[in-house]
Amino acid sequence: MSYTIIVIFYTSFEITTDHDIILPPFTSKLSRLILVKLSDTYSKLQYQNTSYKPLRVTVIKDPEGRPVYARGRGKSIINGNQSYSFTFSFQDENIFREIMEKVQTTVEAWNTKFQVNLKDIKVVDQTESLRSESKLYRMEFLTPTLLQPIRPNLKRKDNRFVLFPYVPILLFSIVKHWNQNMDQKIHGVTGLKTLYYMREVDYRLRPVTTYYDGKPVRGFTGWTVFELRSKRNSKITRNVQKLLEYANYFGVGKSRAIGFGEVNVKVIDE
Numbered sequence: 001m002s003y004t005i006i007v008i009f010y011t012s013f014e015i016t017t018d019h020d021i022i023l024p025p026f027t028s029k030l031s032r033l034i035l036v037k038l039s040d041t042y043s044k045l046q047y048q049n050t051s052y053k054p055l056r057v058t059v060i061k062d063p064e065g066r067p068v069y070a071r072g073r074g075k076s077i078i079n080g081n082q083s084y085s086f087t088f089s090f091q092d093e094n095i096f097r098e099i100m101e102k103v104q105t106t107v108e109a110w111n112t113k114f115q116v117n118l119k120d121i122k123v124v125d126q127t128e129s130l131r132s133e134s135k136l137y138r139m140e141f142l143t144p145t146l147l148q149p150i151r152p153n154l155k156r157k158d159n160r161f162v163l164f165p166y167v168p169i170l171l172f173s174i175v176k177h178w179n180q181n182m183d184q185k186i187h188g189v190t191g192l193k194t195l196y197y198m199r200e201v202d203y204r205l206r207p208v209t210t211y212y213d214g215k216p217v218r219g220f221t222g223w224t225v226f227e228l229r230s231k232r233n234s235k236i237t238r239n240v241q242k243l244l245e246y247a248n249y250f251g252v253g254k255s256r257a258i259g260f261g262e263v264n265v266k267v268i269d270e
């Protein structure tokens, strides 16, 4: 069976301003505002009422690459004359063309002018994965993450979220996004057998609350080490490795399109 190769565009932007400014608590508000100015296609897609959009914009990162967002009732502040950044992952070639037409621009918001430069762009395809001889993978949760279990067929419509990266729920979150947006579908990586072929072997997590549009958003941040015990070249191993790499571009869990659930997955040498 042949498949259409669907590529992912991964872009990095640099932002500077000439004075200190307080941003909204969850700073992807600024990232999204900049992208709206750069791409009409993005502006339309972000408001579509669909799940698992092939878009992900991150919060602002400080000069050391640390996410900038308010914890609790704190403030999000960026300093003048310093280099900040954010990244944007997407699949639409129209967005790519529109961004390439404005690699340098000025965006005005909150009575402040932000200088925006396209710093880097990478194109990857769906065949890339975190292939390694090691069985250990470290997933760092950079922004508040909320995972939703598989919803049973019940009349109640209440949402249920989990503050721990329980493997079946974590992989379910990633594979749902993958199958919505990729031509080559992945099956058989969730369910009870997941508990045996991929295990949490170490973690350091903490609950955190931030605010978005004036409403509290609770999630967890920190890191977890997973051990993948399936055979090295098995289909399950290859598929899980693809999903872990995919999560680096599109995140995991609820509201990943606007910067929640941002993760960094790396192989740990044994």
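According to UniProt numbering, the sequence shown holds residues 1 to 270 in order.
Glycine included, each C-beta is placed from N, C-alpha and C at the ideal position.
V36 and I99 have their alpha carbons spaced roughly 10 Å apart. Looking at the DSSP output, W223 shares a beta bridge with E140 and R204. Closest by C-alpha distance to F86, out of H177, Y249, K266 and D18, is Y249. Taking E133 as reference, the option from G261, R238 and K61 with the minimal CA-CA separation is R238. Under the three-state reduction of DSSP, E14 is assigned to strand. D40 sits in a helix when the DSSP states are folded into three classes. E64 and N117 have their C-alpha atoms spaced approximately 18 Å apart. Collapsing the DSSP output to three states places A257 in a helix. Assignment of L55 by DSSP, reduced to helix, strand and coil, places it in the strand class. Rounded to whole angstroms, the separation of the alpha carbons of H187 and I77 is 43 Å. Cβ atoms of F161 and K75 stay farther apart than 8 Å, at about 26 Å.
Inter-residue distance for R206 and D92 is about 35 Å (C-alpha atoms, whole angstroms). DSSP links T106 through a beta bridge to Q115. Using a Cβ-Cβ distance cut-off of 8 Å, the segment 45-56 and the segment 256-266 are in contact, since at least three pairs of beta carbons, one from each stretch, lie closer than that value.
Looking at the DSSP output, M198 shares a beta bridge with L228.
Three or more Cβ pairs closer than 8 Å define a contact, and the segment 135-142 meets that threshold against the segment 211-222. Around the beta-carbon of V107, 16 or more other beta-carbon atoms lie within 10 Å, marking it buried.
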